[in-house]
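Remarks on the structure that follows.
Protein chains in written order, with the working numbering: chain D, 1 to 105; chain H, 1001 to 1755.
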């Protein structure tokens, strides 16, 4: 049962997949814009885990560098997205994305 | 270098034009509406003309005197198919020109002076003088022209002035109709004249008289002589229209609707004589056939109008028909080859007929626009000056010895007799017979006129009252403001003022024999016949026939009537040359020489016969009107058909109305029908066809082209409507779609991986 005793590549990827799925689920199902943003953060972190995992098992530093970029990007994205959400709230008095559908038709 | 006479003649020509321009624009702003401008300009022009007359006629006294000057007016270069096309303008001064110049300016000046009295108070007083100015300009242009083109231009200009002046009282329907009639009738003649000019131009490529004469004399006329005859007759057509010859004479009597000074100037003395003057200018190129034609037309005109003049009541109409008759004399004179006599008659007639018209104007003026001789009478005492001058002019017209008219008329009649005896045939005696008959009738109707107007008792009160409404035009004239003091009394008749008397006296003086010839019985001894001799014809009487015969002889049949006596006449010509003793020129053409000889031989016969005719005519007039032996009304009843025939002017107006006018109306209606039914039908049919085609094309457009476009739009719209449903506007929906797509891709990928 080496599979359970030694933590290997598959474990990391599984965690990453689970994390991605949760993030995806949150983005697709939640109606609160804040929660959707949180889902996006999960997806980004799942991607980060993948980068770091492949970096570790490939023996290079590219994945590390990429994940640092992603973190910085995520911070910027969170700032911009929150600003958008605040503006949506100011406009529509709600952060419910299902009711923000003025582009329809 | 321009001859000084040419320079002066240009000044004479342009002065009346200047008068026209000044008066037509400024007559209302000038004092007295500018009549002094017209009179002054004409006075100056007359003074210069008199100098030219003095210089040419008195100082040179040479039958061959001639100065000419021309310049190229229009140069079209080498026109394809025509050759070099140049139109020249020029002036020629010979004896005839100098005489005409003085005559026209003198009469025009006198008429200007006269009009200051006659037209006084007319609202268009100034414009009247302007029109007289342009008329005088055009008439002088005709006189001075040295080529056919410019004479044609001035010819039309006098037609225009005549039109304007006949219709001077255009608010009267009769005047408006008369002016149209005159203009249209003249067009008929002018078309012929233009065709004649073109025939000559097509041969010689020049309009100049002198070049044309020289070319014909040199035998350069390449067509048959029939064409030359045609050209002569066509040119004569212009004279037929302008000089009111049969059958285009109908306009002149109607032209008396114009003011009386105009009748005197234009329709008696100058313009109508322009036709005669023109035929005189082209006299040398007229073939014997053309001359015969001209002679017959002239004789018929003279006779016909004399018969009509006998029965007319209107004082001016009698004179108008008398004018037509005298013009007929002149044309007849030209036709029989008595060129100098005809032009002499033109000159003498101008003076005495102007005098008669101005005299009748004075009468009409004094009678408050009464023109009907039936209601005149007894004017001898009230108007002694008018009576005296009118009588002198009447005697000149009738041809009493000691007057100018006697000499010129006698010369024409002698020419007619000579012509008839040379031509030999009985039919040619018709011409002198008609001439003498007209002479008798002239004496008769003039005697009648003088008696009715001046003698007896006044018949003004006999005028039927209901005819007074005809006079309404009189008030409209604005003639109410007469120069007389007798305005209040309608029947008061007084002698006219000095400015209307003076022209009468001058013209009457010029109607006596002393002005023209020392011998009262023979005008040929006078200066006129010496200075304006009959020119030798440039038509070769035999040469063309030989040429034609040499070409093939097929046209021999065309050889004209005088083929029979070429040889015999040579002897006659020589005999004449000896016998005449410097009496006129010696002709190279045998026919002309023979006629000249015969004319001379018939001189005294003509004198006796015409004096006899005069006695008969005046005697008859005295018997009928003075002594009352024969009652004119009863005679008229006795020969009623003849009387009506004459009174209704030989029914020419009715004949023209029934034939030409109705005919052209009928043709017009037929053409209008053709136009509206056939031509319009074709046009409308074509239009209908195109309309149908256009509808078809429209349907193709609407259903095929538009269908394609609309279908595209419809398709896009429908598919867009379907697609729109997918666009929920919710980001999550799109995300689900992306997920589904990715998962589907994976599924397919895995399925393929399994295989």
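For glycine and all other residues, C-beta sits at the position ideal for the given N, C-alpha and C. If you're wondering where the values come from, they're calculated on a predicted model, not measured in any experiment.
Minimum C-alpha distance to residue i - residue among the options
i                      : options                        : result
residue 1523 (chain H) : H:1081, H:1299, H:1345         : H:1345
residue 1432 (chain H) : H:1303, H:1641, H:1371, H:1516 : H:1303
residue 1621 (chain H) : H:1452, H:1265, H:1402, H:1721 : H:1452
residue 1264 (chain H) : H:1284, H:1218, H:1443, H:1315 : H:1315
residue 1616 (chain H) : H:1748, H:1439, H:1592         : H:1439
residue 1298 (chain H) : H:1071, H:1416, H:1170         : H:1416
residue 1051 (chain H) : H:1062, H:1027, H:1006, H:1225 : H:1006
residue 75 (chain D)   : D:42, D:56, D:90               : D:42
residue 1434 (chain H) : H:1613, H:1624, H:1692, H:1743 : H:1613
residue 1306 (chain H) : H:1032, H:1177, H:1262, H:1446 : H:1446
residue 50 (chain D)   : D:65, D:13, D:57, D:35         : D:13
Alpha-carbon to alpha-carbon, residue j and residue i
i                      : j                      : result
residue 1463 (chain H) : residue 1275 (chain H) : 39 Å
residue 1734 (chain H) : residue 1727 (chain H) : 8 Å
residue 1139 (chain H) : residue 1182 (chain H) : 17 Å
residue 1186 (chain H) : residue 1629 (chain H) : 43 Å
residue 1296 (chain H) : residue 1430 (chain H) : 8 Å
residue 1758 (chain H) : residue 1601 (chain H) : Nothing about residue 1758 (chain H) can be reported from this structure: the residues present for chain H run from 1001 to 1755 only.
residue 1694 (chain H) : residue 92 (chain D)   : 60 Å
residue 1308 (chain H) : residue 1387 (chain H) : 24 Å
residue 1266 (chain H) : residue 1495 (chain H) : 25 Å
residue 1109 (chain H) : residue 1116 (chain H) : 11 Å
residue 1119 (chain H) : residue 1125 (chain H) : 6 Å
residue 1754 (chain H) : residue 1740 (chain H) : 21 Å
residue 1713 (chain H) : residue 98 (chain D)   : 33 Å
residue 1321 (chain H) : residue 1090 (chain H) : 35 Å
residue 68 (chain D)   : residue 18 (chain D)   : 21 Å
residue 1208 (chain H) : residue 1413 (chain H) : 32 Å
residue 1166 (chain H) : residue 1133 (chain H) : 15 Å
residue 1384 (chain H) : residue 1359 (chain H) : 11 Å
residue 1180 (chain H) : residue 1538 (chain H) : 39 Å
residue 1588 (chain H) : residue 1405 (chain H) : 30 Å
residue 1648 (chain H) : residue 1661 (chain H) : 18 Å
residue 86 (chain D)   : residue 1725 (chain H) : 29 Å
residue 1751 (chain H) : residue 40 (chain D)   : 30 Å
residue 1688 (chain H) : residue 1677 (chain H) : 15 Å
Where residue i falls: helix, strand or coil (DSSP)
i                      : result
residue 1515 (chain H) : helix
residue 1336 (chain H) : coil
residue 1019 (chain H) : helix
residue 1765 (chain H) : Outside the modelled stretch of chain H, which goes from 1001 to 1755, sits residue 1765 (chain H), for which no answer is possible.
residue 45 (chain D)   : helix
residue 1536 (chain H) : coil
residue 1403 (chain H) : strand
residue 1146 (chain H) : coil
residue 1602 (chain H) : coil
residue 1522 (chain H) : coil
residue 1648 (chain H) : coil
residue 1314 (chain H) : strand
residue 1372 (chain H) : strand
residue 96 (chain D)   : strand
residue 1684 (chain H) : helix
residue 1677 (chain H) : helix
residue 58 (chain D)   : helix
residue 32 (chain D)   : strand
Inter-residue CB distance, residue i and residue j (contact presumed, cutoff 8 Å)
i                      : j                      : result
residue 1147 (chain H) : residue 1088 (chain H) : 6 Å
residue 1323 (chain H) : residue 1408 (chain H) : The pair is not a contact, with the Cβ atoms about 15 Å apart (cut-off 8 Å).
residue 1100 (chain H) : residue 1277 (chain H) : 7 Å
residue 1037 (chain H) : residue 1022 (chain H) : 5 Å
residue 1534 (chain H) : residue 1337 (chain H) : 7 Å
residue 1236 (chain H) : residue 1294 (chain H) : 6 Å
residue 1065 (chain H) : residue 1105 (chain H) : At roughly 19 Å, the Cβ-Cβ gap does not stay under 8 Å, so residue 1065 (chain H) and residue 1105 (chain H) are not in contact.
residue 1443 (chain H) : residue 1618 (chain H) : 5 Å
residue 947 (chain H)  : residue 1082 (chain H) : In the structure as shown, chain H starts at 1001 and stops at 1755, and residue 947 (chain H) therefore has no counterpart that could be examined.
residue 1034 (chain H) : residue 1129 (chain H) : 7 Å
residue 53 (chain D)   : residue 16 (chain D)   : 7 Å
Enumerate, from N- to C-terminal direction, the unbroken beta strand (DSSP E) stretches of 3 or more residues contained entirely within the region 1026-1095 of chain H. 1066-1079, 1083-1094
Quick one: which unbroken beta strand (DSSP E) runs of 3-plus residues sit fully inside the region 1138-1209 of chain H? Chain order, please. none
Please give the ranges of any alpha helix (DSSP H) in the region 1271-1302 of chain H, keeping only runs that are unbroken, at least 4 residues long and fully inside the region. 1271-1281
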